[in-house]
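In UniProt numbering, the protein residues as written are 1 to 662.
Spelled out as structure tokens, the structure:
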């Protein structure tokens with residue numbers, strides 16, 4: 001080839017090389033410009049993003065735990081989210097290593113951001129609308145759970161950058177141990193039975209019915225694999241996929257040096273071992289937990305209760321609960337026999353010590369001890385006597401035992417007749433003796449002299465909270481709405497505590513998630529003098545000494561009152577010592593069913609079943625605390641009393657009657 005031809009060919013190639021070089025320069029310049037623009041945008045996003053100091057961690061829901069007065073757990077109050085924060089306590093090293101191996105194997109070597117992973121995720125976000133997670137470290141996931149709610153469904157590049165910036169701050173402000181512990185407390189592990197297990201503490205119970213500290217290697221590996229796809233890998237829904245995911249975790253642990261191949265193979269051959277359970281629904285005292293939940297709703301805003309995480313220490317004594325159940329079981333439980341309920345209150349501060357029902361929670365979730373409104377029968381006569389004494393009427397004041405008051409004896413209630421159930425005619429009798437033998441005619445007349453409005457107000461002042469109509473029949477227990485055992489235990493506690501009325505509560509204290517403790521301070525008000533209360537105590541002692549409940553004493557100073565309602569539908573014994581007030585109710589759930597022919601008993605009065613239950617329970621509950629009632633500091637001062645019926649003589653005509661008897 002000649003020199004001229006070579007030059008001609010070289011000149012022909014120059015335009016192509018020029019184009020290629022020029023294009024490369026333009027593309028490189030464009031890439032640099034794009035990179036600079038992208039870098040500037042990233043800087044803008046980071047600068048515009050809030051800092052940790054400007055954000056508050058999102059309150060994480062948790063279960064509320066209810067404890068007895070002895071510290072034992074009575075049950076949980078849980079919603080749709082099950083979470084038991086552990087703060088690292090009881091989380092095994094195996095669980096932590098499994099989580100790091102599958103989620104973030106460079107966790108201890110980066111500053112909260114795995115830049116290689118972030119770059120990969122950023123590229124995928126640019127070219128795909130689907131969710132990506134490959135670049136998220138444990139720290140970034142924790143940021144997402146605590147500080148960026150809703151980001152799980154919106155992983156845009158901008159949000160990823162904000163997560164990374166916050167993760168960098170979080171890593172600088174906290175130790176790796178703190179970050180890992182909080183991640184394990186706040187990551188969702190899946191939903192079972194409509195409730196989502198958040199945190200390893202809840203997940204261990206939901207999937208394996210055991211605390212996190214007892215998780216085995218296969219169990220820890222299975223749980224570590226759930227957060228990325230909690231539904232797809234749920235072992236209850238997709239056991240085969242769950243086993244495959246567990247194998248992936250075990251393989252990751254081998255790669256990270258946490259396991260040998262042999263250890264991983266052995267763990268991989270283990271059955272899944274999941275078991276359905278009702279750990280968070282199981283309650284040793286379900287009625288008590290329900291009552292506490294109601295009391296919490298009255299104390300706290302709904303948002304506080306939705307977040308949960310409360311540790312509620314109650315005044316309920318599990319020992320007394322067991323004694324109450326045993327006493328009821330020793331007297332009832334055979335086919336055809338009625339139900340019973342028992343409520344105990346500490347007279348000194350209104351603390352509820354026991355709420356016991358013979359029904360099981362599986363039979364009915366209705367708590368008879370706290371919420372069953374039933375006719376109180378003659379137990380209401382103690383309220384009449386307290387009203388009379390409050391107004392200066394001495395319990396030695398005599399009335400005429402008419403045995404029966406025929407219709408028309410009370411002009412304002414022309415159809416109301418009253419009869420004393422035992423059929424004994426006693427003539428002139430003191431109020432103290434009349435309450436001991438439960439004389440209806442005497443206390444109907446006393447109620448008429450006092451006035452229904454006055455008796456109603458005294459009932460409220462003693463602790464009755466149910467609606468009263470101020471009907472004359474209320475003086476001997478003829479209530480339209482009825483009262484609960486808890487109300488009557490509270491009312492009698494006012495007598496026991498020298499006239500001091502306490503607001504009843506089952507809560508001693510509440511530990512809030514932030515560490516604050518709300519303690520229940522007694523709410524007390526003196527409604528009667530201790531001298532007035534002492535007069536009523538002395539009269540009610542006669543019920544146990546020589547009255548309708550004679551022989552039902554407990555070997556210690558005590559007082560109380562029997563009660564039986566019309567047609568034997570309800571029977572009661574309400575009694576107290578200086579340290580414990582207890583009401584016992586017996587009846588059928590259907591308040592129209594009579595106890596006139598109960599198997600093993602026949603007719604049931606207050607002294608037939610309720611008083612023996614009360615006696616057995618109180619003897620064990622009081623134990624050696626056998627103190628007498630204190631002498632009053634304010635002597636009772638009697639005033640002249642000349643009631644219309646108190647001064648009447650002669651026996652009214654006998655008519656058919658509505659009975660509110662012993």
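We put the CB at the ideal spot given by N, CA and C, even for glycine. Values in this document were obtained by computation on a predicted structure and should not be read as measured data.
Assumed close pair residue i, residue j - CB separation to whole angstroms, cut-off 8 Å
i, j, result
"residue 382", "residue 561", "5 Å"
"residue 474", "residue 456", "7 Å"
"residue 389", "residue 532", "5 Å"
"residue 442", "residue 431", "7 Å"
"residue 463", "residue 497", "The Cβ separation is near 11 Å, so there is no contact."
"residue 553", "residue 529", "About 27 Å separates the two Cβ atoms, so there is no contact after all."
"residue 90", "residue 212", "5 Å"
"residue 471", "residue 452", "6 Å"
"residue 73", "residue 67", "6 Å"
"residue 613", "residue 340", "6 Å"
"residue 62", "residue 280", "Residue 62 to residue 280, Cβ: 11 Å. No contact."
"residue 401", "residue 429", "5 Å"
"residue 493", "residue 345", "5 Å"
"residue 467", "residue 481", "5 Å"
"residue 398", "residue 351", "Contact doesn't hold; Cβ gap of about 39 Å is too wide."
Start and end residues, alpha helix (DSSP H) containing residue i
i, result
"residue 454", "452-462"
"residue 287", "286-299"
"residue 366", "It is not in any alpha helix (DSSP H) - residue 366 carries neither H nor E in the DSSP assignment."
"residue 95", "93-103"
"residue 610", "610-622"
"residue 266", "261-269"
Cβ-heavy atom distance, residue i to the ligand MG, below 6 Å
i, result
"residue 640", "Ligands are entirely absent from the displayed structure, and the ligand MG is therefore not among its contents."
Paired residues, beta bridge with residue i - DSSP
i, result
"residue 55", "Looking at the DSSP assignment, residue 55 forms no beta bridge with any residue, so it has no partner."
"residue 576", "559, 581"
"residue 354", "344"
"residue 418", "405"
"residue 82", "197"
"residue 518", "510"
"residue 276", "Partner(s): none; residue 276 has no beta bridge."
"residue 339", "587"
"residue 333", "Its beta-bridge partners do not exist; DSSP assigns none."
"residue 308", "62"
"residue 500", "526"
Residue i in three-state terms, based on DSSP
i, result
"residue 313", "strand"
"residue 427", "strand"
"residue 398", "strand"
"residue 551", "coil"
"residue 570", "strand"
"residue 283", "coil"
"residue 645", "coil"
"residue 586", "strand"
"residue 483", "strand"
"residue 116", "helix"
"residue 598", "strand"
"residue 251", "helix"
"residue 374", "strand"
"residue 653", "Residue placement at residue 653 is flagged as unreliable, the pLDDT there being 33, under the threshold of 50; a coordinate-derived value is accordingly withheld."
"residue 564", "strand"
"residue 383", "helix"
"residue 449", "helix"
"residue 389", "helix"
"residue 244", "helix"
"residue 107", "helix"
"residue 132", "In this prediction, residue 132 scores a pLDDT of 39, lower than 50, which makes its location untrustworthy; no coordinate-derived value is stated."
"residue 44", "Confidence in residue 44 is poor, its pLDDT being 47 and thus under 50, which makes the residue's placement too unreliable to answer from."
"residue 475", "helix"
Limits of the beta strand (DSSP E) - the one that residue i falls within
i, result
"residue 506", "First-last for residue 506: undefined, no H or E at that position."
"residue 139", "No beta strand (DSSP E) holds residue 139; the alpha helix (DSSP H) holding it covers 138-146."
"residue 237", "It is not in any beta strand (DSSP E) - residue 237 carries neither H nor E in the DSSP assignment."
"residue 76", "73-77"
"residue 65", "64-67"
Min CB distance residue i to chain B below 7 Å
i, result
"residue 207", "Chain labels in this structure do not include chain B; a single protein chain is all it has."
| Secondary structure, alpha helix (DSSP H): runs of 4+ residues fully inside the stretch 520-547 | 530-545
| field | Sequence ranges, alpha helix (DSSP H) only - wholly within the stretch 152-222, length at least 4 | value | 157-173, 176-186, 200-208
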